[in-house]
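Okay, structure first, notes after.
Written out as structure tokens, the structure reads:
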């Protein structure tokens, strides 16, 4: 599973079946940032003084990332991260739909006819889901709380996810406000 899908899972409210109430533009920008972060983790792009630079135009194996990588590769100008985030964010509805379809195809999320999203039974029961590298990751809410409150140093992927969760305001939904104030 890629970072963008994990961010969506963090924002899914199991009780309501809808995403947590965050501004639509924030959700769009966080999704865009997650896609850029995924390309950076795969060493396809990098940043130099906030300019996104192409490192390797080799396909990643994922249609969404490949499409974005092709756009970055064919753009002849150096562009800021903000430029790319805003460009991607404007088309994020279809990107989010695609990410949710991937989660359904992977058996992580279910959707009923009324548009109610939920974790699949197996994920809800085990609180774990398969990762894109074949390993099993703890469900996002429990994983992020564990990462925040234990003394282990998170890897870059985990740090990015925590930053995206914070930026999207998902941390506020992971635990009661009074618990966050103690941190």
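Numbering (the numbering used here), first residue to last: 809 to 991. C-beta atoms are modelled at their ideal positions from N, C-alpha and C, and glycine is treated no differently.
Where residue 866 falls: helix, strand or coil (DSSP): For the purposes of this step, residue 866 is taken as the residue at position 58 of the chain shown. In this structure, residue 866 counts as coil in the three-state DSSP scheme.
Which of helix, strand or coil DSSP assigns to residue 770: Examination of residue 770 is not possible in this model, given that the chain is present from 809 through 991 alone.
Residue 857 classed as buried or exposed, judged by whether at least 16 other C-beta atoms fall within 10 angstroms: Position 49 of the chain shown, counting from 1, holds the residue named residue 857. By the C-beta density criterion, residue 857 is exposed, having fewer than 16 other C-beta atoms within 10 angstroms.
Whole-angstrom C-beta distance between residue 969 and residue 860, which should lie under 8 Å: To locate residue 860, count along the chain shown from 1; it is residue 52. To locate residue 969, count along the chain shown from 1; it is residue 161. At roughly 20 Å, the Cβ-Cβ gap does not stay under 8 Å, so residue 860 and residue 969 are not in contact.
Which listed residue (869, 870 and 864) has its alpha carbon closest to that of residue 880: Residue 880 sits at position 72 when you count from the first residue of the chain shown. Out of 869, 870 and 864, 864 has the C-alpha closest to the C-alpha of residue 880.
Same chain only: Cβ atoms within 8 Å of residue 849, ignoring 5 sequence neighbours per side: Your numbering for residue 849 matches position 41 in the chain shown. For residue 849, where only same-chain residues beyond five positions count, the Cβ hits under 8 Å are 811, 964, 965 and 968.
Contact check, residue 870 vs residue 972, beta carbons under 8 Å: As a working note, residue 870 is residue 62 in the chain shown. As a working note, residue 972 is residue 164 in the chain shown. Contact flag unset, no.
Alpha helix (DSSP H) segments (min. 4 residues) lying fully within the stretch 897-940: 900-913 and 929-934
Cα-Cα separation, residue 912 to residue 918: Translated into the one-based positions of the chain shown, residue 912 becomes position 104. Translated into the one-based positions of the chain shown, residue 918 becomes position 110. Cα-Cα distance, rounded: 6 Å.
Coil, strand or helix - residue 976 by DSSP: By one-based count along the chain shown, residue 976 stands at place 168. Note: residue 976 maps to coil in three-state DSSP.
Same chain only: Cβ atoms within 8 Å of residue 835, ignoring 5 sequence neighbours per side: Position 27 of the chain shown, counted from the start, is the residue given in the question as residue 835. So the list reads 819, 827, 900, 904 and 976, once near-sequence residues are dropped.
Residue 988 to residue 980 span [Cα, whole Å]: For this step, residue 988 is matched to residue 180 along the chain shown. For this step, residue 980 is matched to residue 172 along the chain shown. Any reading at residue 988 is ruled out, since the residue's pLDDT is 49, under 50, leaving its predicted position unreliable.
According to DSSP, residues forming a beta bridge with residue 854: Translated into positions along the chain shown, residue 854 becomes position 46. For residue 854, which the question treats as bridged, DSSP gives the partners 861.
CA-to-CA distance, residue 854 to residue 875, given in whole angstroms: Walking along the chain shown from the start, residue 875 turns up at place 67. Walking along the chain shown from the start, residue 854 turns up at place 46. C-alpha separation (whole angstroms): 17 Å.
Within 8 Å, strictly: CB atoms of residue 847 and residue 873: The count along the chain shown starts at 1 and reaches residue 847 at position 39. The count along the chain shown starts at 1 and reaches residue 873 at position 65. Yes; because the gap between Cβ atoms is below 8 Å, this pair is in contact.
Within 8 Å, strictly: CB atoms of residue 852 and residue 877: Sequence index remark: in the chain shown, residue 852 carries index 44 (1-based). Sequence index remark: in the chain shown, residue 877 carries index 69 (1-based). Cβ distance < 8 Å, so residue 852 and residue 877 count as in contact.
Limits of the unbroken alpha helix (DSSP H) element including residue 836: Reading the chain shown from its first residue, position 28 is the one you call residue 836. Here the alpha helix (DSSP H) through residue 836 covers 832-849.
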